[in-house]
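In our numbering, the protein residues as written are 18 to 201.
Scroll down for the structure; my scribbles are underneath it.
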Amino acid sequence: MKKALIVSSSENSASEISPLLRSAGFDQISIISSGNEARRLLRTAPEISLVVIDTPLSDEFGQDLAVMIAEDYQINVILICGGDTSEFPHENGIYIISRPVNRELFSEIMELISVSGREIKKESTDILMKTEEIRLINRAKTVLMKYLNFTEPQAHRYIEKQAMNSRRSRRETALKILSDYGIN
């Protein structure tokens, strides 16, 4: 029986994450809303094998909680953050996903966790590269939405079309958009 913990101050986010965990084989999923509750629960429930933290929490952001869980309890952590998450380190056992949660990326991370356990080795390079690409594209979408008043689907289509027309990858197109608007 696989047990997971969702730490989220948003009931909507928790209800979106639960089915993803169930499809990954987690039978027992606990949902709590604060970092302090998570710390208390982890002291008494060592059988939890995955913690998903949807930032920000009601009493803290969640990054320190993720590091503590990964280091002290040796539990894999998925940290879900809004916007640009490039400033967060990729530490062993912590997987960082930008909001909105990409189901495909989430599934790949779950597969990586199940195959490799706590060890991130050569197999994780592809998933980390995809994660970085998705983050970069999301940043470019955000810029287009802010400066050109695009909706998210319009921004997505614009990046896809620009990549196709210029015969560049979506990553290169996103980098160019960010560069054009003076964002690194």
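Backbone N, C-alpha and C define an ideal beta-carbon position, used for all residues, glycine too.
Please report the distance separating the alpha-carbon of residue i from that of residue j.
i           : j           : result
residue 71  : residue 180 : 31 Å
residue 97  : residue 116 : 6 Å
residue 162 : residue 189 : 18 Å
residue 106 : residue 54  : Caution applies to residue 106, whose pLDDT of 49 falls short of 50 and renders its modelled position unreliable; the model cannot decide the point.
residue 159 : residue 93  : 29 Å
residue 90  : residue 118 : 25 Å
residue 46  : residue 186 : 38 Å
residue 61  : residue 146 : 36 Å
residue 80  : residue 48  : 18 Å
residue 31  : residue 22  : 10 Å
residue 37  : residue 27  : 16 Å
Tell me residue i's beta-bridge partners as DSSP assigns them.
i          : result
residue 93 : 67
residue 21 : 46 and 67
residue 99 : 116
Hey, could you find the ends of the alpha helix (DSSP H) residue i is sitting in?
i           : result
residue 55  : 52-61
residue 180 : 169-183
residue 190 : 187-197
Mind checking which residues open and close the beta strand (DSSP E) that includes residue i?
i           : result
residue 116 : 111-116
Can you find a C-beta in chain C that's less than 8 Å from the C-beta of residue i?
i          : result
residue 18 : Going by chain labels, chain C is absent from the structure shown, which holds only one protein chain.
Should the region 119-134 be called in touch with the region 76-90, which here means at least 3 C-beta pairs below 8 Å? Counting Cβ pairs under 8 Å, fewer than three are found: no touch.
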